[in-house]
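First up is the structure itself, then whatever we jot down about it.
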Amino acid sequence: ETHEKLLHKDKMASLGKLAASVVHEINNPISGILNLLALIQRIMGEGPLGETEIQQFRSYIHLMETETGRISRIVSNLLAFSRQSKLTVSEVELNRIIEKALFLNANLLKINRIKVDTHLDPTIPKVMGSEDQFQQIMMNLISNAAEAMEAVGGTLSIETFHTQEENRVVIMVGDTGVGISRENQKKLFEPFFTTKRKGKGVGLGLSVVYGIIQEYGGNITVTSDVGKGSTFKVELPLNNGKKG
Ligand code: ADP
Ligand code: MG
Numbered sequence: 008e009t010h011e012k013l014l015h016k017d018k019m020a021s022l023g024k025l026a027a028s029v030v031h032e033i034n035n036p037i038s039g040i041l042n043l044l045a046l047i048q049r050i051m052g053e054g055p056l057g058e059t060e061i062q063q064f065r066s067y068i069h070l071m072e073t074e075t076g077r078i079s080r081i082v083s084n085l086l087a088f089s090r091q092s093k094l095t096v097s098e099v100e101l102n103r104i105i106e107k108a109l110f111l112n113a114n115l116l117k118i119n120r121i122k123v124d125t126h127l128d129p130t131i132p133k134v135m136g137s138e139d140q141f142q143q144i145m146m147n148l149i150s151n152a153a154e155a156m157e158a159v160g161g162t163l164s165i166e167t168f169h170t171q172e173e174n175r176v177v178i179m180v181g182d183t184g185v186g187i188s189r190e191n192q193k194k195l196f197e198p199f200f201t202t203k204r205k206g207k208g209v210g211l212g213l214s215v216v217y218g219i220i221q222e223y224g225g226n227i228t229v230t231s232d233v234g235k236g237s238t239f240k241v242e243l244p245l246n247n248g249k250k251g
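For the sequence shown, the working numbering begins at 8 and goes up steadily by one.
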């Protein structure tokens, strides 16, 4: 089999694995919503509604809202990942994508009192690939960093550089947040691994990021100290770029 075909097989296998866990994750909230709808219908069938029933309905609606939101987040996280084969490929300036992602997250960073420290090497080569995918990588890493420093504030540092020997572009995303335990560092990139409260995280961000980087033949690693912060390192090879 050609290299191209093998790459495609790999992609389909990881997509298949992801799809299986997605079906499971989406099924739970949907059954929950269906049960609540049946319950509401039954109560309505029993006669006129009193104040108690209305109160009950309020809490059911709230639950359905939370669960629908969860499904919506799961779906939107996956959309960009599954669309990948149809994405437009061009020569992308990563520094510009980083600036854009920072701009889009400006409010989140501001309300969490996060200082941004960038060292973007203006001489790094352009990378062949999809802007949308690179943006998704950056959006996920930045929002995770912001969430790790939620309320207490801190510093988000982003650095880019080019390694001559390996001919790779490297993006470092560091935060001074809560950090990640050794145990959790092993699970970070698994679909649906999250330590965030229900209604906040769905645990797909890093698995999508991982999937995209794999597709470019790249690498993502993390170093972290609990209580001190974390740094994610993204490496993208230049000679092994995406062909579309
Ligand atoms: P989510 O953000 O929805 O929880 P992710 O896949 O983006 O899902 O991240 C998975 C988990 O990895 C998070 O719940 C968190 O425990 C951990 N994590 C990711 N980035 C960071 C970070 N910068 N600092 C601390 N923990 C992190
Ligand atoms: Mg996330």
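Where a beta carbon is used, it is the ideal one built from N, C-alpha and C, also for glycine.
Going by beta-carbon coordinates alone, are N84 and G212 separated by less than 8 Å? Locating residue 84 in the sequence shown gives position 77, where the first residue counts as 1. Locating residue 212 in the sequence shown gives position 205, where the first residue counts as 1. Yes, these two residues count as a Cβ contact at 8 Å.
Assess contact between the segment 51–68 and the segment 232–247, defined as three or more Cβ pairs (one per stretch) separated by less than 8 Å. Is contact present? no
Please classify V159: is it buried, with 16 or more other beta-carbons within 10 angstroms of its beta-carbon, or exposed? Taking the first residue of the sequence shown as 1, we reach residue 159 at position 152. Classification of V159: exposed, given that the 10 Å Cβ count is below 16.
Say whether the segment 101–118 touches the segment 71–84, bearing in mind that this needs 3 or more beta-carbon pairs closer than 8 Å, one atom from each stretch. no
M71: which of N147, L101, R189, S38 sits nearest, CA to CA? Taking the sequence shown and counting its residues from 1, the one referred to as residue 71 is at position 64. Nearest option by C-alpha distance: S38.
What residue range does the beta strand (DSSP E) around D232 cover? Mapped onto the sequence shown, residue 232 falls at position 225. Looking at the DSSP string, the run of the beta strand (DSSP E) that includes D232 is 226–232.
If you drop the 5 nearest sequence neighbours on each side, which residues of the same chain put their C-beta closer than 6 Å to that of F196? By one-based count along the sequence shown, residue 196 stands at place 189. Result list for F196: L213, S214, Y217, in chain order.
Buried or exposed: L41, going by 16 or more other Cβ atoms within 10 Å of its Cβ? Taking the first residue of the sequence shown as position 1, residue 41 is located at position 34. By the 10 Å Cβ count, L41 comes out exposed.
Provide the residue(s) that pair with L94 in DSSP beta bridges, ordered along the chain. As a position in the sequence shown, residue 94 is number 87, starting the count at 1. Per DSSP, none; premise fails for L94.
Run through DSSP, which three-state label would M179 get? Position 172 of the sequence shown, counted from the start, is the residue given in the question as residue 179. Note: M179 maps to strand in three-state DSSP.
Closest by CA to I149, which one among V123, D139, T130? Position 142 of the sequence shown, counted from the first residue, corresponds to residue 149. Among V123, D139, T130, the Cα nearest to that of I149 belongs to V123.
Under three-state DSSP, which class holds S168? Locating residue 168 in the sequence shown gives position 161, counting from the first residue. Going by the sequence as given, residue 168 is Phe instead of Ser. Correct three-state label for F168: strand.
Would D139 count as contacting chain C if we go by Cβ distances under 8 Å? The structure shown contains no chain C; it holds only a single protein chain.
Just mark A27 as buried or exposed, buried being the case when its beta carbon has 16 or more other beta carbons within 10 Å. As a working mapping, residue 27 is identified with position 20 in the sequence shown. When all chains shown are included, A27 counts as exposed.
Considering only heavy atoms of ligand 1, does any lie closer than 7 Å to the CB of V185? Translated into positions along the sequence shown, residue 185 becomes position 178. Under cutoff, so the answer is yes.
Only counting the same chain, and skipping five residues up and downstream in sequence, which positions put a Cβ closer than 6 Å to that of K250? Counting from one through the sequence shown, the residue named residue 250 turns up at place 243. Unreliable positioning characterises K250 in this predicted model, as indicated by a pLDDT of 46, which lies under 50. The coordinate reading is nonetheless provided below. No residues qualify anywhere along the chain.
Coarse secondary structure for L86, derived from DSSP in three states: Translated into the one-based positions of the sequence shown, residue 86 becomes position 79. Here L86 sits in helix by DSSP.
Short of 6 Å in beta carbon distance, which residues of its chain neighbour K240, apart from the five on each side in sequence? Order them along the chain. Locating residue 240 in the sequence shown gives position 233, counting from the first residue. So the qualifying residues of the chain are M179, T228.
Can you tell me which of the three DSSP states K249 falls into? In the sequence shown, the residue the question calls residue 249 occupies position 242. At K249 the pLDDT is 49, less than 50, meaning the model places this residue with poor confidence; the figure from the coordinates comes in the next sentence. Three-state DSSP puts K249 in coil, outside helix and strand.
In chain order, what residues of the same chain have a beta carbon less than 6 Å from the beta carbon of N232, not counting five sequence neighbours either side? Here residue 232 is taken as the residue at index 225 of the sequence shown, counted from 1. First, the amino acid is wrong: residue 232 is Asp here, not Asn. So the list reads G186, once near-sequence residues are dropped.
Using the Cβ count rule (16 or more neighbours within 10 Å means buried), how would you classify S237? In the sequence shown, counting from the first residue as 1, residue 237 sits at position 230. Label assigned to S237: buried.
Closest Cα partner of M146 within the set P55, V82, I104, P198: Mapped onto the sequence shown, residue 146 falls at position 139. The shortest Cα separation from M146 among P55, V82, I104, P198 belongs to I104.
Reducing DSSP to helix, strand and coil, say where V99 ends up. Taking the first residue of the sequence shown as position 1, residue 99 is located at position 92. The answer is strand: DSSP assigns V99 an E or B state.
Grab me the residues of G208's own chain with a C-beta within less than 7 Å of its C-beta, minus the 5 sequence neighbours each way, in chain order. By 1-based counting over the sequence shown, the position of residue 208 is 201. Closer than 7 Å at Cβ, skipping near neighbours: T201.
D128 by DSSP, collapsed to three states: which one? Taking the first residue of the sequence shown as 1, we reach residue 128 at position 121. It is coil, neither helix nor strand.
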